[in-house]
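First comes the structure, then the notes that go with it.
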Amino acid sequence: MASTAITAGAEPVFHLEEEHAHAEGGSTMLGFWLYLMSDCLIFAMLFAAFGVLGGNYAAGPAPKDLFDLGLVAVNTTMLLLSSITYGFAMLTMDKGRVGATQAWLAVTMLFGLAFLSIELYEFAHMIHEGATPQRSAFLSSFFTLVGTHGLHVTFGIVWMVTLMVQVARYGLIEANRRRLMCLSMFWHFLDVVWIGVFTFVYLMGTLR
Amino acid sequence: MSAHDHTGHDHAHGGAAHGSLKGYLIGFFLSVILTAIPFWLVMDGVIDNKQATAVIIMAFAAVQIVVHMIFFLHMNPASEGGWSMLALIFTVILVVIVLSGSLWVMYHLNANMMPGLHEMREMP
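Shown next as structure tokens:
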């Protein structure tokens with residue numbers, strides 16, 4: 009078996025012309041994955057900062073006084089649902105159905121907006137109670153970590169609207185498919201980060 | 513695999529971004545369960561020992577992250593010729609160093625420096 013694989017040249021992996029055919033966008037997914045990994049490092053720094061400073065309340069409010077876990081559970085549900093609906097958008101995209109893809113993207117966007125609204129309501133509520141980012145090191149690191157995640161979701165939604173306009177104008181062309189796959193990775197990645205947020209910030213903060 | 517419906521060019525992605533309906537649904541139900549149990553443990557205070565609860569919910573988070581990686585991000589050792597897995601492993605190593613290093617150093621800094629501050633304040 010091994011000898012046929014070497015002699016027959018059946019594997020096109022090292023074929024130069026094939027490489028050229030793949031040049032257009034062929035490395036985009038790997039490049040975008042590397043970006044996500046660097047983004048992951050940003051979040052790791054923010055998690056480390058929260059881990060170190062999360063217990064410094066400066067005689068201010070503690071997580072137990074501030075967090076409403078019911079609200080966080082609803083928020084987590086929104087993000088999880090948006091993940092699966094984006095998955096459905098990708099599946100319909102694979103089948104080349106423009107209308108269904110657009111519809112699933114719109115549903116995903118609505119879940120994303122619901123997540124953001126709930127988070128902003130939570131922030132506004134906390135700030136109204138005097139739990140501002142300036143209050144204590146715990147609150148500074150909390151707002152930085154959760155706010156950075158929220159900012160990512162915001163830009164994900166902006167990106168989603170942009171791609172919906174693109175798909176409406178040009179259809180599911182190769183470039184748009186590639187962009188939608190990048191956004192898919194971005195969106196699912198944000199859900200992975202949120203697992204860390206609800207576990208380390210909200211649940212473990214409440215346990216403290 | 514619906515990925516094979518497309519011709520030529522699409523295979524450049526090496527199956528990295530394609531899933532199946534079954535895969536997404538399995539991932540979704542697993543993550544719902546893996547999310548619901550930690551929330552239930554903390555909100556209802558099921559286990560009296562807080563340390564044990566913390567360890568359990570961290571384990572659930574770790575499992576859920578792996579579930580998302582496999583079913584939603586479609587990570588597998590073969591995607592992109594193994595480079596995305598390599599980048600992921602490298603990142604995970606860095607994250608572990610950053611997190612454990614920061615917590616370890618800062619814990620000892622707090623534990624060893626705070627009495628010093630106290631002593632200084634108590635000095636005349």
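Chains as they are written, first to last, in our numbering: chain X, 9 to 216; chain F, 513 to 636.
Built from N, CA and C at the ideal position, the CB exists for glycine as well.
Members of the stretch 50 to 71 of chain X that neighbour chain F once the beta carbon cut-off is set at 7 angstroms: 52, 53, 55, 56, 59 and 60
Which complete alpha helix (DSSP H) runs does the stretch 112 to 199 of chain X hold, if anything under 4 residues is left out? Annotation: the stretch 112 to 199 of chain X contains the following complete segments of the alpha helix (DSSP H) (minimum length 4 residues), in chain order: 145 to 178.
Environment of residue 179 of chain X [buried if 16+ CB atoms lie within 10 Å]: exposed
Let me check understanding here. Comparing Cα to Cα, which of X:146, X:176 and X:189 lies closest to residue 37 of chain X? If we check each option's Cα against that of residue 37 of chain X, X:189 comes out closest.
Throw me the rounded Cβ distance for the residue 143 of chain X and residue 66 of chain X pair, which I believe falls under 8 angstroms. 7 angstroms
Which residues bound the alpha helix (DSSP H) around residue 550 of chain F? 533 to 555
For residue 84 of chain X, is the classification buried or exposed, using 16 other Cβ atoms within 10 angstroms of its Cβ as the cut-off for buried? buried
Taking the alpha-carbon positions, what's the residue 171 of chain X to residue 113 of chain X distance? Approximately 9 angstroms between the Cα atoms of the pair.
Excluding sequence positions up to five away, which residues of its chain have a Cβ less than 6 angstroms from the Cβ of residue 12 of chain X? With a pLDDT of 45 at residue 12 of chain X, under the threshold of 50, the modelled position of this residue cannot be trusted; read the value that follows with caution. Closer than 6 angstroms at Cβ, skipping near neighbours: no residue.
Determine whether the Cβ of residue 620 of chain F lies closer than 9 angstroms to any Cβ atom of chain X. no
Compute the distance between the beta-carbons of residue 164 of chain X and residue 131 of chain X, then report whether it is under 9 angstroms. no
Start and end residues, alpha helix (DSSP H) containing residue 206 of chain X: Residue 206 of chain X -> no alpha helix (DSSP H), and no H or E assigned at all.
In the DSSP assignment, the alpha helix (DSSP H) including residue 76 of chain X goes from what residue to what residue? Segment: none, residue 76 of chain X is in no alpha helix (DSSP H) and carries neither H nor E.
Can you look up residue 110 of chain X in the DSSP assignment and give me helix, strand or coil? helix
Grab me the residues of residue 91 of chain X's own chain with a C-beta within less than 8 angstroms of its C-beta, minus the 5 sequence neighbours each way, in chain order. Once the five neighbours on either side are set aside, the close Cβ partners of residue 91 of chain X are 195, 196 and 199.
Roughly how many angstroms separate the alpha carbons of residue 555 of chain F and residue 103 of chain X, rounded to a whole number? 42 angstroms
Straight-line CA distance for residue 618 of chain F to residue 93 of chain X? 41 angstroms
Residue range of the unbroken alpha helix (DSSP H) whose run includes residue 562 of chain F: 562 to 583
Let's see if you can read the secondary structure: which residues bound the alpha helix (DSSP H) around residue 43 of chain X? For residue 43 of chain X, the enclosing alpha helix (DSSP H) has its first and last residue at 36 to 61.
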